[in-house]
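Worksheet: the structure to be examined is printed underneath.
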Ligand SMILES: NC(=O)c1ccc[n+]([C@@H]2O[C@H](COP(=O)([O-])OP(=O)(O)OC[C@H]3O[C@@H](n4cnc5c(N)ncnc54)[C@H](OP(=O)(O)O)[C@@H]3O)[C@@H](O)[C@H]2O)c1
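In the working numbering, the protein residues as written are 104 to 332.
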């Protein structure tokens with residue numbers, strides 16, 4: 104177990120982000136999380152009061168992320184673990200039938216949102232020359248399927264962005280792309296339909312993923328990782 108005390112995590116309202124939030128807090132870590140849903144933020148604040156903090160932030164909006172990062176860094180200092188988990192998927196469709204607006208939105212959240220979070224949190228981590236960055240990729244960041252080309256494009260981009268970032272970080276830090284596996288969340292239900300129920304719940308997944316995340320350290324820099332099934 105490493106000494107990751109403070110964890111910044113995006114996409115905490117449901118799915119994997121919510122399950123990680125609970126898993127980290129159960130293990131004594133402090134979580135600063137965000138999502139867009141104001142009602143989820145309200146509920147999380149009630150269930151997990153300070154030192155944890157939860158904020159309504161759209162990661163696609165650089166100005167919102169900037170304000171959030173400033174507040175979190177001021178209150179909790181640089182994170183030991185920064186997790187870019189928030190993402191969306193396009194409704195199943197051949198690429199040429201995806202609207203320009205829908206394509207842009209997936210890129211804005213999955214790719215630009217990750218970049219916004221990195222650009223506002225990583226400078227403080229680099230100054231301290233410590234901390235691990237995990238950018239959520241996907242099986243579809245390393246392979247492809249029909250009808251999810253837009254999503255695949257963003258997750259392949261996350262792999263490249265993260266591995267290049269890993270080459271830029273000072274010694275003592277790490278950046279890794281992580282394929283979480285296949286988990287029964289709203290996102291999976293969107294692309295798999297009823298078949299999603301054959302896969303593990305986010306809570307079952309978190310029992311494997313949270314210890315793995317807490318064990319990451321500088322020696323893992325640049326490794327493309329997968330949560331084992
Ligand atoms: N489930 C799987 O099988 C699977 C497989 C491979 C990869 N992944 C990856 O794992 C991560 C989590 O996926 P999931 O299955 O847990 O998805 P999910 O159930 O749909 O949850 C997505 C989370 O991201 C948040 N979010 C979406 N857009 C946002 C935005 N613009 N700003 C801030 N937060 C935003 C959502 O909250 P709000 O709607 O409240 O903003 C929600 O908390 C994603 O990166 C996904 O690509 C999942």
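All C-beta atoms in this analysis are idealised placements derived from N, C-alpha and C, irrespective of residue type, glycine included.
Length of the line joining the Cα atoms of residue 198 and residue 231: 43 Å
Per-residue burial, residue 247 [other beta carbons within 10 Å of its own, 16 or more giving buried]: exposed
C-alpha distance - residue 176 paired with residue 135, whole-angstrom precision: 10 Å
Status (buried if at least 16 other CB within 10 Å, exposed otherwise) for residue 333: Because the chain is modelled from 104 through 332, residue 333 falls outside the range shown and cannot be assessed.
Residue 200 burial status per 10 Å Cβ neighbour count (16 or more: buried): exposed
Nearest neighbour of residue 188, chosen from 113, 204, 282, 215 [CA to CA]: 113
Stretch-stretch touch, CB-based, cutoff 8 Å, three pairs: the segment 317-331 with the segment 279-296: yes
Cutoff 6 Å; reference residue 233; Cβ partners in own chain excluding five residues on either side: 275
Residue burial classification, residue 116 (beta-carbon count within 10 angstroms, cutoff 16): buried
Among 156, 166, 131, 252, nearest to residue 143 - alpha-carbon criterion: 156
Same chain only: Cβ atoms within 8 Å of residue 290, ignoring 5 sequence neighbours per side: 118, 190, 191, 192
First and last residue of the uninterrupted alpha helix (DSSP H) at residue 124: 118-129
Endpoints, beta strand (DSSP E) assigned at residue 280: 276-282
Contact test: residue 330 Cβ vs ligand 1 heavy atom, cutoff 7 Å: no
Beta-carbon separation (whole angstroms), residue 315 vs residue 130, contact threshold 8 Å: Not a contact, Cβ separation roughly 12 Å.
Endpoints, the alpha helix (DSSP H) within which residue 176 is located: 165-179
Assigned exposure category for residue 305 - 16 Cβ within 10 Å defines buried: buried
Residues near residue 264 by beta carbon distance below 8 Å, same chain, minus five either side: 214, 217, 218, 238
Whether residue 195 touches residue 251 by CB criterion (8 Å): yes
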